[in-house]
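Notes follow the structure.
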Amino acid sequence: MFNRQLAKSRAKGILHRNMIFLGALAAIPIIFNFLGNRIGPEITFNIPAATETLTQAQVDSMMDALTASALISIPYTILLSLVVAFLSYFTMVAAGYLTKNPESDSVPISNIVSLGGFIKYVLKVFVKNLLIGLGLILFVIPGIYLSYRFYLVEQIAVDRPDFGIGETLSEAGLLSKGSKFDFFVLDLSFILWNILSVFTFGISDLYVQPYILLTHFDVYEQLKERLYPDEELHNEFVNSVEF
Numbered sequence: 004m005f006n007r008q009l010a011k012s013r014a015k016g017i018l019h020r021n022m023i024f025l026g027a028l029a030a031i032p033i034i035f036n037f038l039g040n041r042i043g044p045e046i047t048f049n050i051p052a053a054t055e056t057l058t059q060a061q062v063d064s065m066m067d068a069l070t071a072s073a074l075i076s077i078p079y080t081i082l083l084s085l086v087v088a089f090l091s092y093f094t095m096v097a098a099g100y101l102t103k104n105p106e107s108d109s110v111p112i113s114n115i116v117s118l119g120g121f122i123k124y125v126l127k128v129f130v131k132n133l134l135i136g137l138g139l140i141l142f143v144i145p146g147i148y149l150s151y152r153f154y155l156v157e158q159i160a161v162d163r164p165d166f167g168i169g170e171t172l173s174e175a176g177l178l179s180k181g182s183k184f185d186f187f188v189l190d191l192s193f194i195l196w197n198i199l200s201v202f203t204f205g206i207s208d209l210y211v212q213p214y215i216l217l218t219h220f221d222v223y224e225q226l227k228e229r230l231y232p233d234e235e236l237h238n239e240f241v242n243s244v245e246f
């Protein structure tokens, strides 16, 4: 159990003190996604009418165009995805720092962001999404269950980068015990904000996304403090649990 209203209240306080910084962080991935959909490489070729017979030269031309498109599009897509993923990681780390230091008006970027931390974060989130995706494909209900079991994987990955993938998933499962329905209610409480985002063409996300992110981090801190008041006991307990 956690105090949803308290989490939201504290998240708003942090957000209002750091609105420009967090709003800018929320805007960057949105801008990249927007530009990626419109400025990406595009190669076109003419397809003859159904009544025409394709010559070998036309077939070769089409294959060359497809090959060139793949050679350009695939690296471009991978690069754009990595940039967006790193920005998401950076935003998550910043939100975690501000949650732990609510009175701070700046984030020591060089001290809390690292390439190693980013790689570990991406791997953990990938495994989480893979398991949830498999659950949704096989049976919808197990996928939904796993999504709430692993609700706090991102927060744990940022807070404890020293944890392995198994430890992170185990920790998420422990923290979610007795709180899965509360997570569901928390998601429902943001529905109106998400609807507002649709009507404002995503502009309100500059406020809403940091607000949701900070709320989730506060929830994580509440659950961690309730379950593990002793940090050393916390580490021993997590390491003793197998996923």
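Going by the working numbering, the first residue of the sequence shown is number 4, and it counts up by one from there. Virtual Cβ for every residue (Gly too), placed ideally from N, Cα, C.
In the DSSP annotation of this structure, the continuous segment of the alpha helix (DSSP H) that includes Y148 starts and ends at V143 to R152. For K103, the closest alpha carbon among the candidates M4, F204 and R13 is that of R13.
Leaving aside the five residues that flank R7 on each side, the residues in its chain whose CB is nearer than 6 Å to its CB run, in chain order, L189. Taking C-beta separations shorter than 7 Å and ignoring five residues to either side along the sequence, the partners of M4 in its chain run G181, S182 and D185, following chain order. The Cβ atoms of P232 and A98 do not sit closer than 8 Å to each other.
Note on I159: 16 or more other CB atoms within 10 angstroms of its CB, so buried under the neighbour-count rule.
Taking C-beta separations shorter than 8 Å and ignoring five residues to either side along the sequence, the partners of Y148 in its chain run G138 and K183, following chain order.
Using a Cβ distance threshold of 8 Å, L126 and I168 count as a contacting pair. Rounded to the nearest angstrom, the gap between the Cα atoms of E174 and V143 is 23 Å. Taking the CA atoms as reference points, G176 sits about 16 Å from V161. Between A29 and D208, the C-beta gap is smaller than 8 Å, which places the two residues in contact. Between I17 and P111, the C-beta gap is not smaller than 8 Å, which leaves the two residues out of contact. Straight through space, the alpha carbons of I33 and T80 are spaced by roughly 15 Å. A straight-line Cα-Cα distance of about 15 Å links D221 and T94.
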